[in-house]
Amino acid sequence: EDQVTQSPEALRLQEGESSSLNCSYTVSGLRGLFWYRQDPGKGPEFLFTLYSAGEEKEKERLKATLTKKESFLHITAPKPEDSATYLCAVQARAYGQNFVFGPGTRLSVLP
Amino acid sequence: DTAVSQTPKYLVTQMGNDKSIKCEQNLGHDTMYWYKQDSKKFLKIMFSYNNKELIINETVPNRFSPKSPDKAHLNLHINSLELGDSAVYFCASREGRDTEAFFGQGTRLTVV
Numbered sequence: 001e002d003q004v005t006q007s008p009e010a011l012r013l014q015e016g017e018s019s020s021l022n023c024s025y026t027v028s029g030l031r032g033l034f035w036y037r038q039d040p041g042k043g044p045e046f047l048f049t050l051y052s053a054g055e056e057k058e059k060e061r062l063k064a065t066l067t068k069k070e071s072f073l074h075i076t077a078p079k080p081e082d083s084a085t086y087l088c089a090v091q092a093r094a095y096g097q098n099f100v101f102g103p104g105t106r107l108s109v110l111p
Numbered sequence: 001d002t003a004v005s006q007t008p009k010y011l012v013t014q015m016g017n018d019k020s021i022k023c024e025q026n027l028g029h030d031t032m033y034w035y036k037q038d039s040k041k042f043l044k045i046m047f048s049y050n051n052k053e054l055i056i057n058e059t060v061p062n063r064f065s066p067k068s069p070d071k072a073h074l075n076l077h078i079n080s081l082e083l084g085d086s087a088v089y090f091c092a093s094r095e096g097r098d099t100e101a102f103f104g105q106g107t108r109l110t111v112v
């Protein structure tokens with residue numbers, strides 16, 4: 001069965017303490033993996049799209065990487081404003097035009 | 001200028017009522033979606049709508065119906081509301097098949 005999972009479910013970091021979030025998928029025919037950030041009471045905000053294994057994208061303190069089975073979102077020297085829920089979404093041939101979202105990782109960065 | 005906008009932001013209503021949520025996008029996108037985010041924050045697809053082709057998630061009750069008066073709008077009508085319909089509903093749009101989607105700010109529906 002196709003599946004998208006994320007770990008950890010929640011993560012608490014001290015300001016400046018780097019870490020990584022994981023998104024694992026078992027879908028076949030991957031057409032794209034998307035990372036979003038969601039703040040409380042708001043809609044998901046697009047961060048990155050990765051299309052093929054080995055691809056990397058960076059934006060400020062965030063770096064996303066992709067392998068054939070998983071994606072990592074690396075956060076370097078995080079700040080309190082990076083606190084949010086990070087969602088990954090997968091688009092695969094079997095899903096047509098739809099994304100399938102993972103459950104998210106709730107990140108808290110303490111000052 | 002908001003790209004994807006939903007109204008209302010909050011909606012409180014009684015069981016059995018019929019309600020609508022409106023969505024408009026000014027991005028010129030061809031595909032629009034409705035997602036439901038439950039209390040566990042899981043985002044699940046409800047509908048996708050592309051060039052008048054509606055694809056329905058088979059798990060969505062037929063009390064829910066999307067209506068698209070034009071390419072920029074996709075409204076969600078809900079009949080005979082139930083307690084379990086309480087959730088946050090998000091509208092989204094995207095330009096092409098493998099591009100990112102842009103989300104509205106959500107509508108928090110509470111059925112009492």
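Keeping their order, the protein sequence lines are chains H and G.
For the record, in the first sequence the residue sitting at position 109 is 109 according to my numbering, with numbers rising by one throughout.
For the record, in the second sequence the residue sitting at position 75 is 75 according to my numbering, with numbers rising by one throughout.
We treat Cβ as the ideally placed atom computed from N, Cα and C, and that holds for glycine.
On a predicted model such as this, the values are computed, not experimentally measured, just so you know.
DSSP-derived helix/strand/coil call for G/A72 = coil
Indicate the three-state DSSP secondary structure (helix, strand or coil) for H/R106 in the structure shown.
-> strand
How is G/Y89 classed by DSSP in three states: helix, strand or coil?
-> strand
Are the segment 1 to 19 of chain H and the segment 78 to 92 of chain H touching by the rule of at least three beta carbon pairs closer than 8 Å?
-> yes
Should H/G32 and G/D98 be called a contact, given that it needs their Cβ atoms to be closer than 8 Å?
-> yes
Roughly how many angstroms separate the alpha carbons of G/I78 and G/A87, rounded to a whole number?
-> 13 Å
May I ask you to report which of helix, strand or coil DSSP gives H/A10?
-> strand
is_contact[G/N50, chain H] using C-beta, thresh 8 Å = yes
Residues within the segment 36 to 47 of chain H neighbouring chain G, beta-carbon criterion of under 7 Å = K42, G43, P44 and F46
So, is the C-beta of G/E100 closer than 8 Å to a C-beta in chain H?
-> yes
Simplified DSSP assignment, three categories, for G/P61 | coil
Using a C-beta cutoff of 8 Å, does H/N22 count as contacting chain G?
-> no
Residues within the segment 73 to 93 of chain H neighbouring chain G, beta-carbon criterion of under 9 Å | T85, L87, A89 and Q91
CA nearest to the CA of H/N22, picked from H/N98, H/G43, H/Q38 and H/L11 | H/L11
With 8 Å as the threshold, decide whether the Cβ of G/I55 is near any Cβ in chain H.
-> yes
G/I21 at chain H interface by Cβ criterion, 8 Å | no
What does a CB cutoff of less than 7 Å around G/L109 pick up in its chain, not counting 5 residues either side in sequence?
-> L11, D85, S86, A87 and Y89
Extent of the continuous beta strand (DSSP E) to which H/R31 belongs = L30 to Q38
Just mark H/Y51 as buried or exposed, buried being the case when its beta carbon has 16 or more other beta carbons within 10 Å.
-> exposed
So which residues on chain G does H/R31 lean against when the C-beta distance must stay under 7 Å?
-> D98
Distance, Cα to Cα, G/V112 vs G/N57?
-> 26 Å
Give the DSSP-derived three-state secondary structure of G/P8 in the structure shown.
-> coil
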